[in-house]
Amino acid sequence: MKANYLDELNEQQRVAAEHINGPLMIVAGAGSGKTKVLTTRIAHLLRNGVDAFNILSLTFTNKAAREMKERVEKILGGTEARNLYIGTFHSVFARLLRAEAHRLGYPNDFTIYDSDDAKSVLKTIINEQNLDDKHYKPALVYNRISAAKNSLIGPEEYQHDYAIQQEDMRANRPLNGKLYDMYAKRCFKNGAMDFDDLLFKMYVLLKSFPEVLHKYQHKFKYIMIDEYQDTNPAQYEIIKLLGAAHENICVVGDDAQSIYSFRGATIQNILQFEKDYEDAKVVKLEQNYRSTKSILNVANEVIANNKGQIEKNLWTDNADGEKIKLVRTMTDNEEGKFVADTIAEQKLRNHYANRDFAILYRTNAQSRAFEENLRRKAIPYRIFGGLSFYQRKEIKDFIAYLRIVTNPQEEESLKRIINYPVRGIGKTTIDKVSVIANEQNITFWNVLERANEFGFKSGTLEAIENFVIMIRSFQAMLGKHNAYDIALQVGKSTNIVKELFNDKTTEGLARYENIQELLNSIKEFTETPTEDGELVESEKSLGTYLQQITLLTDADKGNDEDSDVVKLMTIHAAKGLEFPVVFSVGLEENLFPSGLSINSREELEEERRLFYVVITRAKSRLFLTYANSRYRFGQLVNNESSRFLEEMPEKYIDRSYAGGGNVNRSPINNGGGLFGGNGNNMFDRMQKKSPTAPQQPAGPRPAARPVPNAAPSNHVPSPNFTPDDPAIMEPGMEVEHQKFGFGTIQTLEGPMNNRIATVNFPKGGGEKKIMLNYARLMIVKK
DNA sequence: TCATCCGCTGTTTTT
DNA sequence: CAGCGGATGA
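In the working numbering, the protein residues as written are 19 to 800.
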């Protein structure tokens with residue numbers, strides 16, 4: 019261990035890192051070095067005699083967990099660090115449940131359902147109940163169930179809770195509770211837990227088995243929780259139980275970055291920490307080491323619009339840096355083009371590498387315009403999130419086989435593969451098996467095993483029997499062979515690999531490659547040495563592998579973090595990360611803030627925190643972009659700029675960049691040809707397209723609309739019309755306006771960021787007041 | 001039983 | 001503009 023590990027910390031950081039016993043809350047502002055503090059604190063604990071086996075550190079993402087592990091290893095060296103329990107809530111609990119699930123009546127090799135699996139089960143149940151799945155949409159029902167579980171409300175309680183029942187009645191879905199009950203029973207029968215069960219069942223386990231609780235209380239004497247502001251009631255209660263014996267709970271969080279309430283997180287957990295633990299020590303980390311002053315000041319001012327925060331004053335010693343660039347484009351595609359062009363430009367001009375850029379958006383669907391334009395410019399990029407590798411059809415199909423090998427009672431997967439590849443067991447047969455299974459109260463697999471008892475047609479019976487024999491042959495390999503060998507055998511026996519290999523279409527090829535990648539990942543899994551085998555004996559088993567990958571998101575795939583690519587992801591996915599140059603895109607009403615969140619103060623504040631998060635991802639340069647119109651549902655819709663833009667202090671904003679708020683030209687080529695390069699600038703086109711378009715010509719929504727009223731003269735703008743920066747305009751100059759033609763500036767008034775010019779247009783209707791932020795003028799003669 | 005085509009419907013955010 | 005589910009015909 020490095021001797022001077024505490025030396026690199028500032029005073030507050032050091033106070034936090036040196037705290038050993040008793041509850042501790044670290045309020046860590048964005049970029050204030052909380053990971054450093056956490057990792058140093060772990061080192062400090064060990065230095066002071068705490069056993070690594072007694073430390074539990076919980077994070078929200080695998081990425082955060084991995085980073086923490088790596089950094090701890092750097093301080094400690096690998097061997098000691100290996101004994102620490104560091105992981106996400108979900109993965110750690112899955113691991114514990116793997117050792118204890120039998121107590122709850124689940125197989126220890128229980129299957130973990132991702133949300134697609136869960137919705138699929140729900141859909142089956144809804145249909146079995148003869149309910150309309152257009153009304154009882156699986157996704158909606160799933161959300162209700164998920165919310166309930168995250169609040170530790172079981173099916174019984176759900177059905178007897180008056181308020182909940184009222185809500186469901188009002189939504190005209192009174193049977194949600196019954197569906198919840200049936201869903202829970204079906205999952206149990208399938209030997210499966212969904213994501214929320216990993217928390218819910220963990221709680222039930224600790225609550226119902228005092229000896230288990232005692233065991234883990236004793237084991238985890240020191241508990242640390244990152245991103246505490248994002249914990250939900252289930253997580254909160256589990257932590258409370260686990261920590262009750264020693265109360266060595268250290269939570270780190272930032273209420274300003276709470277962005278997961280849709281997942282049941284409640285900001286109350288962090289706000290109440292001091293009340294929960296009366297002797298809690300509170301340390302605030304207020305120095306930001308990440309961003310420039312401009313960026314940080316904007317972030318601070320924006321977040322000040324939210325109520326009820328923990329008081330803190332985030333500051334930085336860093337340089338002022340450049341102003342934040344605000345850029346408006348006509349369409350989503352132009353937005354993509356602007357970003358790609360600017361990345362190319364910044365690379366040249368400021369010697370950035372691809373990896374220095376991040377494009378961050380509110381919804382995954384926005385990625386396309388950026389992808390296309392980056393590809394066009396041959397800029398390598400990678401999208402994080404979206405459809406996970408493990409959600410692809412061919413991968414899910416293959417994994418379904420593996421799941422059945424370890425857990426044949428799991429019906430969802432069985433139905434997936436029973437006729438894939440096609441082996442003559444169609445829908446009719448599957449339905450029949452389902453009905454028999456329900457009637458006889460046995461599993462789907464049991465029916466298949468005993469197919470000869472149920473009068474299937476001989477051809478069908480034969481197909482079923484062959485299927486059963488094949489699955490059994492895989493199962494026979496368990497224990498004797500590792501996960502990779504079994505997977506290989508599955509690929510061979512089922513002909514899946516060969517079939518995909520022979521499919522020479524582009525999609526077929528891609529699918530083949532994906533399967534190869536899956537096989538490789540399994541191989542890698544079996545060949546990587548285990549981290550520790552303390553709680554689970556066979557870490558390399560197929561069962562472990564399956565549980566692990568379900569909890570993996572696309573962002574976790576591969577450790578190619580160092581690869582030199584531009585990163586695209588949602589703002590949610592970017593939390594905890596930092597980039598030299600950030601593009602925060604799609605800053606429009608109904609998109610960011612989301613149209614679904616603008617009706618309540620709470621939700622709007624969460625969107626604002628999201629805006630805060632995206633701003634604070636940037637180290638030195640930040641671009642904010644929005645488009646006048648973009649495709650949604652295949653339809654072009656007009657957008658107002660985001661209300662959040664109005665909350666930014668004007669003095670840190672540069673609207674002059676490439677046609678943003680003020681002037682439509684690039685500082686580089688001085689010609690506004692950044693987009694399209696057709697010499698036809700955006701403002702020009704917009705005016706021609708819709709002179710009275712409802713959207714504002716530029717800038718965040720102005721209080722009063724400055725559009726000159728009607729009677730536009732038929733002035734045709736000069737072909738080289740390029741608006742100039744209002745800052746350099748002076749009375750007496752001759753200028754051109756797109757509609758009013760040529761004129762002379764009479765007076766200038768108002769602050770720089772909102773200058774109003776009085777211009778006399780001899781042919782354009784005489785004297786006009788022009789708000790320069792919204793209507794552009796080109797200087798003709800000084 | 002299976003393949004193809006048409007039409008509908010949906011967009012937050014994630015472990 | 002997807003992607004999916006349902007209907008339809010072979």
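Glycine included, C-beta positions come from ideal geometry on N, C-alpha and C.
Residue i: buried (16+ other C-beta within 10 angstroms of its C-beta) or exposed?
{"i": "His-369", "result": "exposed"}
{"i": "Val-655", "result": "exposed"}
{"i": "Phe-651", "result": "exposed"}
{"i": "Ala-189", "result": "exposed"}
{"i": "Thr-77", "result": "buried"}
{"i": "Gly-561", "result": "buried"}
{"i": "Asp-449", "result": "exposed"}
{"i": "Glu-457", "result": "exposed"}
{"i": "Ala-35", "result": "buried"}
{"i": "Glu-245", "result": "buried"}
{"i": "Pro-439", "result": "exposed"}
{"i": "Gln-31", "result": "buried"}
{"i": "Glu-429", "result": "buried"}
{"i": "Pro-611", "result": "buried"}
{"i": "Pro-749", "result": "exposed"}
{"i": "Gln-184", "result": "exposed"}
{"i": "Asn-148", "result": "exposed"}
{"i": "Glu-174", "result": "exposed"}
{"i": "Asn-425", "result": "buried"}
Among the options, which has the Cα closest to the Cα of residue i?
{"i": "Tyr-408", "options": "Ile-93, Thr-568 and Asn-161", "result": "Thr-568"}
{"i": "Asp-297", "options": "Ile-435, His-37, Ser-431 and Lys-141", "result": "His-37"}
{"i": "Ile-130", "options": "His-108, Gly-604 and Asn-145", "result": "His-108"}
{"i": "Asp-25", "options": "Thr-461, Leu-259 and Lys-54", "result": "Lys-54"}
{"i": "Thr-381", "options": "Leu-527, Asn-391 and Gly-403", "result": "Gly-403"}
{"i": "Lys-299", "options": "Tyr-307, Cys-268 and Ser-276", "result": "Cys-268"}
{"i": "Glu-668", "options": "Asn-250, Asn-315, Gln-275 and Ile-73", "result": "Asn-315"}
{"i": "Leu-344", "options": "Pro-749, Val-753 and Arg-673", "result": "Arg-673"}
{"i": "Arg-116", "options": "Leu-537, Leu-564 and Lys-585", "result": "Leu-564"}
{"i": "Leu-378", "options": "Phe-629, Lys-196, Arg-121 and Gly-95", "result": "Phe-629"}
{"i": "Gln-493", "options": "Ser-559, Arg-468, Ile-460 and Glu-531", "result": "Ser-559"}
{"i": "Glu-664", "options": "Leu-193, Lys-203 and Ala-317", "result": "Ala-317"}
{"i": "Glu-658", "options": "Leu-605, Lys-237, Arg-627 and Val-600", "result": "Leu-605"}
{"i": "Val-423", "options": "Arg-441, Ile-313, Asn-500 and Pro-398", "result": "Asn-500"}
{"i": "Asp-374", "options": "Ala-337, Val-110, Leu-640 and Ile-413", "result": "Leu-640"}
{"i": "Val-515", "options": "Leu-570, Phe-416 and Val-600", "result": "Phe-416"}
Going by DSSP, name the residue or residues bridged to residue i.
{"i": "Asp-672", "result": "Lys-343"}
{"i": "Tyr-103", "result": "Leu-74"}
{"i": "Met-587", "result": "Leu-378"}
{"i": "Val-600", "result": "Ala-376 and Leu-640"}
{"i": "Arg-410", "result": "None, per the DSSP bridge assignment."}
{"i": "Met-86", "result": "Partner(s): none; Met-86 has no beta bridge."}
{"i": "Phe-7", "result": "With the chain covering 19 to 800 only, the question about residue 7 has no answer from this structure."}
{"i": "His-499", "result": "Leu-496"}
{"i": "Met-211", "result": "Ile-130"}
{"i": "Asn-470", "result": "Asn-470 is not bridged to any residue."}
In the structure shown, what three-state DSSP assignment does residue i receive?
{"i": "His-37", "result": "coil"}
{"i": "Lys-637", "result": "strand"}
{"i": "Gly-326", "result": "coil"}
{"i": "Lys-152", "result": "coil"}
{"i": "Thr-57", "result": "helix"}
{"i": "Asp-186", "result": "helix"}
{"i": "Glu-748", "result": "coil"}
{"i": "Asp-297", "result": "coil"}
{"i": "Lys-271", "result": "For the record, residue 271 in the displayed sequence is Gly; it is not Lys. DSSP places Gly-271 in strand when its eight states are reduced to three."}
{"i": "Asn-22", "result": "coil"}
{"i": "Leu-553", "result": "Interpretation of Leu-553 is limited by its pLDDT of 37, a score under 50 that renders its predicted location unreliable; the figure taken from the coordinates is listed afterwards. Correct three-state label for Leu-553: coil."}
{"i": "Arg-191", "result": "coil"}
So residue i and residue j are supposed to be a Cβ contact under 8 Å. How far apart are they, rounded?
{"i": "Ile-256", "j": "Tyr-221", "result": "5 Å"}
{"i": "Asp-359", "j": "Ala-645", "result": "Contact flag wrong, Cβ pair sits at about 15 Å."}
{"i": "Glu-265", "j": "Tyr-295", "result": "7 Å"}
{"i": "Ala-387", "j": "Glu-353", "result": "6 Å"}
{"i": "Ile-73", "j": "Leu-102", "result": "5 Å"}
{"i": "Gly-271", "j": "Val-45", "result": "7 Å"}
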